[in-house]
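Peer 1: Numbering (UniProt numbering), first residue to last: 1 to 660.
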Ligand code: COA
Ligand code: AMP
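#1: So which of 541, 336 and 312 has the shortest CA-CA distance to residue 79?
#2: Is it right to say residue 559 is buried, meaning 16 or more other beta carbons lie within 10 angstroms of its own, or is it exposed?
#3: Extract the residue ranges of the beta strand (DSSP E) inside the segment 204-285, only unbroken runs of 3 or more that lie entirely within it.
#4: Start and end of the alpha helix (DSSP H) containing residue 188?
#5: The ligand AMP and residue 373: does any heavy atom of the ligand fall closer than 6 angstroms to the residue's C-beta?
#6: Skipping 5 residues on each side, what residues in its chain have a beta carbon closer than 6 angstroms to that of residue 449?
#7: From which residue to which residue does the beta strand (DSSP E) around residue 542 run?
#8: For residue 48, write down the residues that DSSP places opposite it in a beta bridge.
#9: Given this structure, state the Cα-to-Cα distance separating residue 82 from residue 170, to the nearest angstrom.
#10: Given 8 angstroms as the limit, is there contact between the segment 278-293 and the segment 49-62, that is, 3 or more CB pairs closer than that?
#11: Helix, strand or coil for residue 314? Go by DSSP, reduced to three states.
#12: Do residue 267 and residue 242 come within 7 angstroms of each other at the CB atom, strictly closer than that value?
#13: Is residue 80 near the ligand COA, with its Cβ less than 6 angstroms from a heavy atom?
#14: Using a Cβ-based criterion (distance less than 6 angstroms to any ligand heavy atom), does residue 508 qualify as near the ligand COA?
#15: Closer than 6 angstroms to a non-hydrogen atom of the ligand AMP - does that hold for the CB of residue 292?
#16: Any idea what DSSP makes of residue 140, helix, strand or coil?
#17: Can you name, in chain order, every residue of its own chain whose Cβ lies under 7 angstroms from the Cβ of residue 240, other than the five neighbours on each side?
#18: Alpha carbon to alpha carbon, what distance is there between residue 503 and residue 38?
#19: What three-state label does DSSP hand residue 698 in the structure shown?
#20: So is residue 16 buried or exposed if we call it buried at 16+ other beta carbons inside 10 Å?
#21: Apply the 10 Å Cβ neighbour rule to residue 688 and answer buried if 16 or more other Cβ atoms are within range, or exposed otherwise.
#22: CB-CB under 7 angstroms to residue 8, same chain, minus the five flanking residues each way: which ones, in chain order?
#23: Measure the CB-CB distance between residue 262 and residue 48 and report whether it falls below 7 angstroms.
#24: For residue 357, which three-state DSSP category applies?
#25: Drop a sphere of 10 angstroms on the beta-carbon of residue 194, count the other beta-carbons inside from all chains shown, and report buried for 16 or more, exposed for fewer.
#26: Whole angstroms are fine: how far does the CA of residue 540 sit from the CA of residue 512?
#27: Can you tell me whether residue 395 sits near the ligand AMP, meaning its C-beta is under 6 angstroms from at least one heavy atom of the ligand?
#28: Since residue 60 contacts residue 304 with CB under 8 angstroms, what's their CB separation in whole angstroms?
#29: Buried or exposed for residue 574, please, with buried defined as at least 16 other CB atoms from any protein chain shown within 10 angstroms of its CB.
#30: DSSP on residue 68, reduced to helix/strand/coil?
#31: Going by CA-CA distance only, name the one from 339, 210 and 306 that's closest to residue 314.
#32: Measuring only the C-alpha atoms, how far is residue 359 from residue 579?
#33: Going by the beta-carbon positions, is the gap between residue 107 and residue 162 smaller than 7 angstroms?
#34: Looking at residue 130 and residue 97, is the spacing between their C-beta atoms short of 7 angstroms?
#35: Please list, in chain order, all residues of the same chain as residue 638 whose beta carbon is under 6 angstroms from its beta carbon, the five residues on each side excluded.
#36: Can we count residue 500 as close to the ligand AMP, meaning its CB is less than 6 angstroms from some heavy atom?
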């Protein structure tokens, strides 16, 4: 198809969304078809596919078995960190979800109950998600790199009846003992789940707490031996499928709610329209099931489409080398690969000439999709040259569940512009706004907002926090969803995403709140005040950097306190925060009204041009910050230069949109 494939689809979804999404919904097997494609009177901005009844596990698994795909691999598990591989066919996946569904029922789980899944990248984790969907339980997967306190806060918010976990995760250089982290989290949490089911991995077995913990394998054997299994239960299209917590602007994570019907319809459309993937093909999203990319494109979208999904428990480098991704593509005939730019940067760093790429047969690969953080044009161009396939950057958020903007491979690729995340996907009506909520001209930077209603697949609300949903996303620009991303649109309608307008940073494609980190720093007994900023990092895109002012009278060496602070963030938030830079300073730069000038500090650290803020209380403090950064080996920029035209005013990065 040509460009008109995109324009026609986009225009159809804009002019008659009910007809467009009503047609897309025909790809789903409904128990009862929706009464109404969209009801604007329900929820905060309307609800999709009202009155429809369907089951996600049926659509992702059983229906493919019924249609003759039983022997096709559903999951190809590839684990270089444990040296193992396993194929799970659709028929096996159906049997396993039936059995695990029965195990969960035995533990008292009914439709609407929550189940927390705290697991590494093993097939049982995917089976767990699907088994929950099968019986109508709402799962909440927590990423393994988070610390006990983060798990505890999610347990308290979701209030699960059961936690599914494993004895350990396997990182290239160590085993991560999950069970002690779970035990600590449960000791911290106010909520008490009735039971935990633990998958014992041979690399490191865990001790089970009598009366509370159950051995996964024993429960499974018992259920399987008794021939027990459950059928898929009918779910309302607007019933929640899962809760996925993501960083908010404070330490308290936001529970993004995903519905049943809209999510299936949007994902199914995206597989062919955006990714150009067909049933039967192999789709590999090299992410983790703990993130939204993993939920949508390791688990649900490929399986809803009847594709084979790859579940990769390894890294882009070091397991064993920078050719790992290309080995997997060759071994499994991957058609479409999706990963985060940081993974490619890691590969490029170790194999800049792409020597290892040449050693593999990549003829099955049609496209590489990138998301999760800004893709720097150098990396996009490098990957395109070395792989010889289109490299498509696309932009989305945990909240949206699928891409807001991209380059639609299935409808016909538009010109790939490195640095751009493509055009809005059907259903997303995007405006770039200034602080007053007025649209800005093409090429000008502003806050990116999506006109309500959001398309199917996007969050209807936050878990049991309807008011927080409205306040966080809908209040600032009436009639819009605020993405909290800043960027601009060029004359061809392509979007450029330049940074967040809030305190979220992106570390190796992982979304983290600097506000949350500041809460941890401030809890150290010797810290009077603090500021955490994200500073540029060649590999991870951004890494956090914390500044602390010590309380007067503290006479211990600052270096010791800095070390304690680094350890504290690892303990409270987790290794995933990659918090390694803590710097004690005499004072923090502030405005006359006492606001810490984090944006200027970031520019100094990144050596990007910055202006002396007119409202600064004492300009000398910025020189002190620059000096200390220089002393610690971090770049320090120059004052007095112009930072570029930021019409939005509150974008954090000093990008120059009008020059792009
Ligand atoms: N369970 C427990 N710990 C984990 C973990 C998990 N699932 N995932 C990561 N960690 C730990 C790592 O072991 C590391 O710990 P360390 O400080 O002891 O070394 C820390 O968290 C940071 O991990 P990571 O960000 O993965 O950094 P890394 O240096 O190990 O690897 C990359 C760097 C670029 C290879 C890696 O970040 C990567 O592959 N990123 C892709 C991200 C991605 O897919 N994002 C999803 C969005 S699409
Ligand atoms: P998450 O919710 O973890 O998926 O993170 C979402 C945030 O990551 C977005 O709000 C952006 O700030 C950033 N992001 C995701 N994809 C891209 C992209 N392709 N380009 C730039 N930033 C991105």
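All C-beta atoms, glycine included, are put in the ideal place defined by N, C-alpha and C.
Peer 2: From the atom records:
#1: 312
#2: exposed
#3: Restricting attention to beta strand (DSSP E) runs no shorter than 3 residues, the segment 204-285 encloses them at 213-215, 240-246, 254-259 and 282-285, ordered along the chain.
#4: Taken as a continuous stretch (DSSP letters only), the alpha helix (DSSP H) holding residue 188 covers 178-188.
#5: Checking the 6 angstroms criterion, the Cβ of residue 373 is within range of a heavy atom belonging to the ligand AMP.
#6: 431, 433, 477, 480 and 482
#7: 541-550
#8: 38
#9: Roughly 7 angstroms separates the two Cα atoms.
#10: no
#11: coil
#12: No. Outside cutoff.
#13: no
#14: yes
#15: yes
#16: strand
#17: 138, 257, 258 and 259
#18: 34 angstroms
#19: Outside the displayed range of the chain (1 to 660) lies residue 698, so it cannot be described from this structure.
#20: exposed
#21: Because the chain in this structure spans residues 1 to 660, residue 688 falls outside the shown range and cannot be described.
#22: Excluding sequence neighbours, residue 8 sits near nothing in its chain.
#23: The Cβ atoms of residue 262 and residue 48 lie closer than 7 angstroms to each other.
#24: Helix.
#25: exposed
#26: For residue 512 and residue 540, the gap between their C-alpha atoms comes out near 13 angstroms.
#27: yes
#28: 5 angstroms
#29: buried
#30: helix
#31: 339
#32: 36 angstroms
#33: yes
#34: The answer is yes: Cβ separation under 7 angstroms.
#35: Note that residue 638 scores a pLDDT of 47, beneath 50, so its modelled location is shaky; the value from the coordinates is reported in the next line. None.
#36: yes
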